[in-house]
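Chains as they are written, first to last, in the numbering used here: chain A, 699 to 1183; chain B, 699 to 1183.
Think of the CB as a built atom: it goes at the ideal place given N, C-alpha and C, for glycine as much as any other residue.
These figures come from a predicted structure and were not determined experimentally.
Each remark here refers to the structure printed beneath this line.
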């Protein structure tokens, strides 16, 4: 019986972009199809092949598995792998659906979280899940007028527009960034985004490669964590306290590691609602600049936060800034923006183009119209409403929740972050609360590693104001039921 | 003077997601920062290091370069690489801007093409560049009414909506797919996209990995080629003739190679305007199914094409179908859709979520309203307009262009694909035409490899109807000027 000689082994190119297992696979596949490896020839055992090639055994296993899935070789326990009969090969390949051999799928433990965040609410349940702006104050009437005005200019509807975004909108955004202290912000630093989620994906794929390390807050926004996971980035978690990210931890990490970037939400952090104090901001900007590690400043809630200097104002060359109109106007607009050092704007723009060519020019034009009219008054009303909702929540919690449940202090913001007593796990609490007609997001979804099993997040904005108290009372009942148990 | 012993070398994990150069870099960096590799220690020469580790020299060069950029080692010609003094290391690192050491940037030869395609038109010039629908018939009046109606429902504006898209719109799309012969199409097979470009990026990142091979038409849509390049996919080109993709070439390739997918635009192909005939469609569907290689059917112009069975109707389990309302209604909507076997919908959806969470619910609702009212009549008018424009173009060409310029025959469609005589290169022609106030896209942008230097594409829809003749006359003058020269 024929065996493959070692002379027939693939020459691996370790610098190639083609994965090693795929090089082995392609080499053997060609040899089989060309007849160099005839029917019934025995392939070297995986371990021997791996040793000869200087690769891990799993690399060979992976290559053989794909050949087997296609029916090119037959693997049998005890007798190893042999080249399969050629006749009917193509037909057998078809017997394995193509999706079985797709590339490995990197998703986290909670792959439906982004979907949850985007999902519509269920009827009857008081759902504190979605991070949406409250129904009142409503921008709708003014916004509808802005859309009507934008529709009058046919060019705004019937063309793609520039990939970097609608020029006049980018000018307006740059001017607002200057007003917030980012003195060098110009339209050429600004790219309009289809929501700030798009900005997170852009930095994840433009500033890093699979396998690279990054620094993230712990807890952090689950949507961002999921994106980093899909992109194969390795998250180094840094804790958050009432004053924001623990910058001293960042400093310690940068002494020995060189992550690709630091992802932080310094104002009204999701989920804790913490706003980083001025000292930490300055320190973070300084150490990041000194270490040559860029900061990704995710600032969806910035315009609603107590006034603070954005990180990008402190270190304009070291920060990619992301924000959105989803929280201040309406999520359905899907319009956000990024501000970045001009030298990397083209790199970021090429990714944005690949994701969706350009954000809707028509919607951008409507947003600009609204920015010039009702926006500032609306944001002011919204800020007041957020403070009022938090007061209502705090009063209800004092009445309905045991003292042993701790809540993170905050001024305004969308969220309330709570820690349960030792005997109440957040997932069990969610079950109990759902049975009573209330829901929220459990804490584990906010952690890149372990953590959060005794924490949960309420989006106080996701329900009608008059239901906040009722929902908190239902959750209180659920907590009590678990503590009694 | 100290040297590193071979015992201190990194253990490479060849199956790891972390690139080898990065593993070497991280190992040496840790050793330097930990003091294991003290100041002034000499690193092994790149060639020796590469031999010992069994990697290519370029891998080591890459690792050393990054260490050097950070100021951790000093490289000097003649005396090799040494560990740099620790003091002031962080400061030196900052002297190299962080963007210098970003991951390699994979872009093609024409990285601005997607931008060009999206760009607004220049005043005064007759620009046949952008693939936009003609200004007449205009959907604007009806569309504005649809937006107004959609704005009446606050939930459609003030929430994110499901990531897979607005349910009623997905139902309407599924029903229209059924009417086109895709009998099994159901809403659960449909994902709403932010334009079909997003669908191309989704398949490029979900169905393949960097280094994988795919089959593309040659020529093909430059936006798709650029996305494939950014994603590190290796394109195997297959020629297109007047009857569409040369399926016999695909068959030959599938005999010896296993590409991840076959990307084709079978109806009103961009740029040739060719529509694949029924025989080839059946054959392509059959061989792809048999080989277990999925087809990505990009069909932005499908509703405007002569009636043909979509590939997904012939092999529903082997096709991911992409289309858009950008060509039939308006590009500024940024609404497209995909149809895929249900088993892979979740995988595709997770990517879509990462790109932008969800497409605008408000715009989707307006599109649905328009679909139920003016859409079909508008598409019918548009089809007639495309035929009329092609007739005008053909008549002008007969009058103004030398016979030696060949044009691809086509019924309707947006584009006219032309081949220049041997002595006229398309890029030189573009220069000459621009000086005369007309522009177009040169052919090379449509090829993954070489080709196209004597071809160019006119978007007949991008100009006013009465300017088609004038623009073609100007291009004719440009051709003549080059032929005389």
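Suppose you measure from the CA of residue 1127 of chain B to the CA of residue 937 of chain B; what does that come to, to the nearest Å? Here residue 1127 of chain B corresponds to residue number 429 of the second chain, with the count starting at 1. Here residue 937 of chain B corresponds to residue number 239 of the second chain, with the count starting at 1. Rounded to whole angstroms, residue 1127 of chain B to residue 937 of chain B spans 24 angstroms at the Cα level.
Taking Cβ-Cβ distances shorter than 8 angstroms, what residues in chain A pair up with residue 754 of chain B? As a first step, residue 754 of chain B must be located in the second chain, where it is residue number 56. At a C-beta separation below 8 angstroms, residue 754 of chain B has these neighbours in chain A: 711, 712 and 713.
Does the distance from the CB of residue 972 of chain A to the CB of residue 942 of chain A come in under 8 angstroms? Along the first chain, one-based indexing puts residue 972 of chain A at 274. Along the first chain, one-based indexing puts residue 942 of chain A at 244. A contact, by the Cβ cut-off of 8 angstroms.
Select from B:922, B:1159 and B:966 the residue whose C-alpha is nearest the C-alpha of residue 999 of chain B. Translated into positions along the second chain, residue 999 of chain B becomes position 301. Nearest option by C-alpha distance: B:966.
Which partner residues of residue 1035 of chain B appear in the DSSP bridge assignment? Numbered from 1 along the second chain, position 337 holds the residue referred to as residue 1035 of chain B. Residue 1035 of chain B is bridged to B:890 and B:1021.
Which residues in the same chain have their Cβ closer than 6 angstroms to the Cβ of residue 817 of chain B, if we skip the five residues on either side of it in sequence? Position 119 of the second chain, counting from 1, holds the residue named residue 817 of chain B. Only weak support exists for where residue 817 of chain B lies, its pLDDT of 49 falling under 50; the coordinates are left without a value.
State the start and end residues of the unbroken beta strand (DSSP E) segment that holds residue 773 of chain B. On the second chain, position 75 is the one that residue 773 of chain B refers to. Start and end: 771 to 774.
Tell me, which residues are paired with residue 1113 of chain B by DSSP? Here residue 1113 of chain B refers to the residue found at position 415 when the second chain is read from its first residue. Answer by DSSP bridge pairing, in chain order: B:1157.
Close-in-space but distant-in-sequence residues of the same chain around residue 790 of chain A (CB under 7 angstroms, 5 per side omitted): In the first chain, the residue the question calls residue 790 of chain A occupies position 92. Only weak support is given to the placement of residue 790 of chain A: the predicted model assigns it a pLDDT of 46, under 50, and the question is left unresolved by the model.
Taking residue 917 of chain A and residue 934 of chain A to be in contact with their CB atoms under 8 angstroms, please state how far apart those CB atoms are, rounded to whole angstroms. Start at 1 with the first residue of the first chain, and residue 917 of chain A comes out as number 219. Start at 1 with the first residue of the first chain, and residue 934 of chain A comes out as number 236. Contact doesn't hold; Cβ gap of about 14 angstroms is too wide.
I need the boundaries of the beta strand (DSSP E) containing residue 1073 of chain A, first residue and last residue. Counted from its first residue, the first chain places residue 1073 of chain A at position 375. Per DSSP, residue 1073 of chain A belongs to no beta strand (DSSP E); it is in the alpha helix (DSSP H), 1073 to 1098.
Listing by chain order, which chain B residues have their CB less than 8 angstroms from the CB of residue 962 of chain A? The residue labelled residue 962 of chain A in the question sits at position 264 within the first chain. Residues of chain B passing the Cβ test: none, with the nearest at roughly 16 angstroms.
Inspect the beta-carbon positions of residue 1017 of chain A and residue 1009 of chain A and report whether they are closer than 8 angstroms. For the purposes of this step, residue 1017 of chain A is taken as residue 319 along the first chain, with counting starting at 1. For the purposes of this step, residue 1009 of chain A is taken as residue 311 along the first chain, with counting starting at 1. Yes, the pair counts as a contact, with Cβ atoms nearer than the cut-off.
Report the three-state DSSP secondary structure of residue 1139 of chain A (helix, strand or coil). Stepping through the first chain from its first residue, residue 1139 of chain A is reached at position 441. Strand.
Contact set for residue 756 of chain B: own chain, Cβ-Cβ below 7 angstroms, skip 5 residues either direction: In the second chain, the residue the question calls residue 756 of chain B occupies position 58. Same-chain partners within the cutoff: there are none.
How is the beta strand (DSSP E) around residue 866 of chain A delimited, first residue to last? Within the first chain, residue 866 of chain A is the residue found at index 168, counting from 1. No beta strand (DSSP E) contains residue 866 of chain A, which is instead part of the alpha helix (DSSP H) from 865 to 877.
Verify the contact flag: residue 1162 of chain B, CB atom, against every heavy atom of the ligand ADP, threshold strictly below 7 angstroms. The model depicted lacks the ligand ADP and carries no ligand whatsoever.
Cβ of residue 801 of chain B within 8 angstroms of any chain A Cβ: For this step, residue 801 of chain B is matched to residue 103 along the second chain. At a cut-off of 8 angstroms between C-beta atoms, residue 801 of chain B counts as an interface residue with respect to chain A.
Could you name the residues of the stretch 853 to 870 of chain A whose beta carbon sits closer than 7 angstroms to any beta carbon of chain B, in the order they occur along the chain? Correct list: 854, 855, 856, 857, 858, 859, 860 and 861.
At a Cβ threshold of 8 angstroms, is residue 845 of chain B touching chain A? Position 147 of the second chain, counting from 1, holds the residue named residue 845 of chain B. Closer than 8 angstroms to the CB of residue 845 of chain B there is at least one CB belonging to chain A.
Own chain, CB closer than 6 angstroms to residue 1064 of chain B, minus 5 neighbours either side, in chain order: Translated into positions along the second chain, residue 1064 of chain B becomes position 366. The beta carbon of residue 1064 of chain B lies closer than 6 angstroms to those of 844, 845 and 848 in the same chain, with the five residues before and after it left out.
Buried or exposed, going by whether 16 or more other CB atoms sit within 10 Å of the CB of residue 714 of chain A? As a working mapping, residue 714 of chain A is identified with position 16 in the first chain. Exposed, since its Cβ has fewer than 16 Cβ neighbours within 10 Å.
Check each residue of the stretch 1054 to 1082 of chain A: if its Cβ is closer than 8 angstroms to any Cβ of chain B, include it; give the result in chain order. Contacts with chain B (Cβ-Cβ distance below 8 angstroms) from the stretch 1054 to 1082 of chain A involve 1054, 1055, 1056, 1057, 1058, 1059, 1060 and 1061, listed in chain order.
Go ahead and label residue 881 of chain A buried or exposed: buried means 16 or more other beta carbons lie within 10 angstroms of its beta carbon, across all protein chains shown. Indexing the first chain from 1 puts residue 881 of chain A at position 183. Its Cβ having fewer than 16 others within 10 Å, residue 881 of chain A is exposed.
From residue 762 of chain A to residue 722 of chain B, what does the alpha carbon distance come to, in whole angstroms? What you label residue 762 of chain A is simply residue 64 of the first chain in a count that begins at 1. What you label residue 722 of chain B is simply residue 24 of the second chain in a count that begins at 1. Answer to the nearest angstrom: the Cα atoms are 28 angstroms apart.
Buried or exposed, going by whether 16 or more other CB atoms sit within 10 Å of the CB of residue 1050 of chain B? Along the second chain, read from residue 1 onward, the residue named residue 1050 of chain B stands at position 352. Classification for residue 1050 of chain B: buried.
Where does residue 786 of chain A land, buried or exposed, given buried means 16+ other C-beta within 10 angstroms? Position 88 of the first chain holds residue 786 of chain A. Reliability of the predicted coordinates at residue 786 of chain A is poor, the pLDDT of 48 falling under 50, and the value obtained from them is presented with this limitation in mind. Taking all protein chains in view, the Cβ of residue 786 of chain A is surrounded by fewer than 16 other Cβ atoms within 10 Å, so the residue is classified as exposed.
Residues in the same chain with beta-carbon distance under 7 angstroms from residue 1187 of chain A, minus the five sequence neighbours each way, listed in chain order, please. Chain A is shown from 699 up to 1183; residue 1187 of chain A falls before or after that span and cannot be answered.
Report all residues from its chain with a CB closer than 6 angstroms to the CB of residue 788 of chain A; omit the five preceding and five following residues, and keep chain order. Position 90 of the first chain holds residue 788 of chain A. Since pLDDT at residue 788 of chain A reaches only 49, below the 50 mark, its modelled position is unreliable, and no value is offered.
Exposed or buried, residue 954 of chain A, counting other C-beta atoms within 10 Å across all chains shown (16 or more means buried)? Reading the first chain from its first residue, position 256 is the one you call residue 954 of chain A. Residue 954 of chain A counts as exposed, since fewer than 16 other C-beta atoms from the protein chains shown sit within 10 angstroms of its C-beta.
Residue 933 of chain B in three-state terms, based on DSSP: Along the second chain, one-based indexing puts residue 933 of chain B at 235. DSSP places residue 933 of chain B within a strand segment (E or B) once states are collapsed to three.
What does residue 896 of chain B reach in chain A if we use C-beta pairs closer than 7 angstroms? Counting from 1 along the second chain, the entry for residue 896 of chain B is found at position 198. Near residue 896 of chain B (Cβ distances below 7 angstroms), the residues of chain A are 1053 and 1054.
Please classify residue 1052 of chain B as buried or exposed, where buried requires at least 16 other C-beta atoms within 10 Å of its C-beta. Residue numbering aside, residue 1052 of chain B sits at position 354 when the second chain is read from its first letter. Per the 10 Å Cβ criterion, buried.
Mind checking residue 822 of chain A: buried by the 16 CB within 10 Å criterion, or exposed? For the purposes of this step, residue 822 of chain A is identified with residue 124 of the first chain, where counting begins at 1. Here residue 822 of chain A is exposed. Its C-beta has fewer than 16 other C-beta atoms within 10 Å.
Does the beta-carbon distance from residue 1121 of chain A to residue 1181 of chain A come in below 8 angstroms? The residue given as residue 1121 of chain A occupies position 423 in the first chain. The residue given as residue 1181 of chain A occupies position 483 in the first chain. Yes, the Cβ-Cβ distance between residue 1121 of chain A and residue 1181 of chain A is below 8 angstroms.
Determine the DSSP secondary structure at residue 974 of chain B, reduced to helix, strand or coil. Walking along the second chain from the start, residue 974 of chain B turns up at place 276. It is coil, neither helix nor strand.
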